[in-house]
Amino acid sequence: MDTKTSRRAGTLRRGLTAGVATVAAILLAASPALAAPRVSVSTLREVSAAQLADSLAGRGLKVQDATFSGTAVQAGLYKAPVLEKKNSTGVALSTGSLIDADPQSDADVDFTKSSLLGPNTRLTTTGDFGGAGDADLTAQAGVSSYDAAVLTFTVKPKHKHLYLEYGFGSEEYANWTAQGYNDALGIWVNGQLCSTVPGTSEPAGVSTINPTAHPELYVPNFTDRTPGTQPTEMNGFTKPLQCHADVTPGTPVTVKIAVADTLDGQLDTTLLLAAKSLYSSPSRP
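Using the numbering used here, you'd call the opening residue of the sequence shown number 2 and step up by one each time.
This is the structure we're talking about:
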């Protein structure tokens, strides 16, 4: 799908989802206020790619050469009761913005609402930056990708097994997955995908973890056309998952972490990486 086609599709989806958002807003207005906790996020407007990578490193590991590709508001450090954890901290990468737009800022015209900050107020949160996709995610998904957020760094493991805890959530979960809108994500260690559905070789993503595929790993945050009460904007998210890769002790490896929209640039998907969860071990758990 070329850019013009994808943007036309995005415009159509934006029109369709506008009605959903209106209905959801009416239903929320008629419901009692929910005292859902807010998350906090510091994007790359305030922190650096090196700080993101450093926050992932567990005891005894040092990361270096961190780089980020995407828009600054697509990546940051978060503190939030998400992925069924009361006190979750780590790194967030999103196809949309992690923060609400500043109405006074000329730089915040491509998004309005955070893809992560709760509570869930609408089913159609979209940040569309018109950004480039990622070749690995395009190959994995088999369709064009857009608005990629990519964090890359190197790390020298002490032992032969490398681990990283992650999870993800998406606006696509509000019935768009069944129509083929399945945003893609991936974690690679030296080019080998390690973010797979537990017990399988399937790439973990919106199309492989949802209400009908591996539902035991999925947590919904909406009912029909009504946003749910989980303390995040995401319409659904996974339980914590773990990336595992076999590595050579003492030899630096490259870790690439990415998420991107597919088919069009609409509706946000967010990848969450737990702080201090990157570690090496001499044996598997």
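Where is the CB? At the ideal position from N, CA and C, for every residue including glycine. The structure displayed is predicted, hence computed values, not measured ones.
query, result
"From what residue to what residue does the alpha helix (DSSP H) around D129 run?", "Premise fails: D129 is in no alpha helix (DSSP H) and is neither H nor E."
"Please name the residue, chosen from E85, F69, V254 and R60, that lies closest to M235 on a Cα-to-Cα basis.", "E85"
"Output yes if chain B places a C-beta closer than 8 Å to the C-beta of T139; else output no.", "Absent here is chain B; the protein component of the structure consists of one chain."
"For P250 versus K159, is the C-beta spacing smaller than 8 Å?", "yes"
"In chain order, which beta strand (DSSP E) runs of at least 3 residues are fully inside the stretch 198 to 283?", "219 to 221, 237 to 239, 242 to 247, 254 to 263, 270 to 275 and 280 to 282"
"What residue range is occupied by the uninterrupted alpha helix (DSSP H) comprising T139?", "A136 to A142"
"Y164: which of I258, S282 and S145 sits nearest, CA to CA?", "S282"
"Kindly provide the ranges of any beta strand (DSSP E) runs that are 3 or more residues long and lie completely inside the stretch 66 to 113, ordered along the chain.", "76 to 81 and 89 to 95"
"Determine the closest residue to S196 out of I258, G59, S106 and T44, with distance taken between C-alpha atoms.", "I258"
"Does the stretch 135 to 144 come within contact of the stretch 260 to 267, defined as at least 3 CB pairs closer than 8 Å?", "yes"
"Note down the Cα distance separating A67 from L45, rounded to an integer number of angstroms.", "13 Å"
"Measure the C-alpha to C-alpha separation of T271 and T213 and round it to an integer number of angstroms.", "20 Å"
"If you count every other CB in all the chains shown that lies within 10 Å of the CB of Q193, and 16 or more means buried, which is it?", "exposed"
"Could you pull the DSSP bridge partners for E166 from this structure?", "Q243"
"Report, in whole angstroms, the separation of the C-beta atoms of G77 and V110, which I expect to be a contact under 8 Å.", "Actually they do not touch by this definition, with Cβ atoms about 19 Å apart."
"By the three-class DSSP mapping on this structure, what secondary structure does A26 have?", "Bear in mind that a pLDDT of 38 at A26, under 50, signals an unreliable position, so the number given afterwards is only what the model happens to contain. A26: helix per DSSP, three-state reduction."
"Less than 8 Å between the beta carbons of Y174 and A275, yes or no?", "no"
"Spatial neighbours of Y219 within its chain, please: C-beta separation below 7 Å, excluding the five flanking residues on both sides.", "I210, N211, P212, G237 and T239"
"Using alpha carbons as the reference points, say which of A246, P204 and S208 lies closest to D137.", "P204"
"Are D305 and G132 closer than 8 Å when you measure CB to CB?", "Residue 305 falls outside the range modelled here, since the chain spans only 2 to 286, and no answer is possible."
"Can you tell me which residues form a DSSP beta bridge with S115?", "For S115, which the question treats as bridged, DSSP gives no partner whatsoever."
"Kindly indicate which residue of L279, V248 and D103 has the alpha-carbon position closest to the one of R60.", "L279"
"Is L124 helix, strand or coil when you go by DSSP?", "coil"
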